[in-house]
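Numbering (the working numbering), first residue to last: 20 to 276.
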């Protein structure tokens, strides 16, 4: 298990102010926004400590190809296996103007193959150009109206014990925890209703890792799409007629929030 550098990780995550403010080289205001990373890096850029985020063609054991097409963003560089020790790094999005969106939603393809519970990634947003960040979504919010294939781990050690995607498809080997990997690329989706109308939004995929048990493929993202989703709780119109004293009753099965 990851013990080495644990206190150091906590110190930097909780007591240091990581300002990631960067100038916007691209301002997106037209939707749907679709980026498949085939022609270029999509104006997403890598930052952070010990970053090995890489845009290109993956050729690893589990991450043997991109989510779709040839290219994607992923950790571990173009090595066959493994990611950097002590990594605390992210890819930063362009700037988005959501003024025209009333029910924004983000979707993408995601793959994670990391040491379970210790290493992993999450998605965050900022409304102040990266001076502060908020995690998008909660643990296993797999309500089809809210999200699909969202975080599977409540506390990822090297994400500062925050929720995220973490795990691998290997068995536990010695002190390296196995299990809970994606097993390949999955389609992830989450509503962003709280960001509706916001004029300046940025996203980042943050990846954190310790200094042992890093011989896994890492984390990958591909095919990002942002657009207005179908509004939740759409009104349902039902017409029926009853004979004599019979009635029709409706029982709610669930609610989209």
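Yeah, the Cβ is synthetic: ideal placement off N, Cα and C, and Gly gets one too.
Note that the coordinates shown come from a computational prediction; the quantities given were computed from them, not determined experimentally.
Looking at 213, 60, 201 and 238, the one whose alpha-carbon comes closest to that of residue 145 is 213. Residue 245 and residue 113 have their C-alpha atoms some 12 Å from each other. Rounded to whole angstroms, the gap between the alpha carbons of residue 83 and residue 91 is 11 Å. For residue 40, the closest alpha carbon among the candidates 50, 149, 79 and 119 is that of 149.
Its chain contains 128, 204, 241 and 242 as the residues whose beta carbon lies nearer than 6 Å to that of residue 86, once the 5 sequence neighbours on both sides are disregarded; these appear in chain order. 7 Å or more divides the Cβ of residue 72 from the Cβ of residue 60. Exclusion of the five residues before and after residue 124 leaves 208, 209, 210, 211, 245, 246, 247 and 248 as the residues of its chain whose Cβ lies within less than 8 Å of its Cβ. Under DSSP, residue 246 forms a beta bridge with 124. DSSP places residue 206 inside the beta strand (DSSP E), whose first and last residues are 205 to 210.
Among the bridge pairs identified by DSSP, residue 68 is matched with 107. Residue 168 carries a coil assignment under DSSP once its states are collapsed to helix, strand and coil. When rounded, the separation of the alpha-carbon atoms in residue 108 and residue 141 is 11 Å. Around the beta-carbon of residue 99, fewer than 16 other beta-carbon atoms lie within 10 Å, marking it exposed. Partner residues in the beta bridge of residue 198, as assigned by DSSP, are 187. Taking residue 197 as the centre and dropping the five residues before and after it, the same chain places the C-beta of 135, 187, 189, 190 and 191 closer than 7 Å to its C-beta, in chain order.
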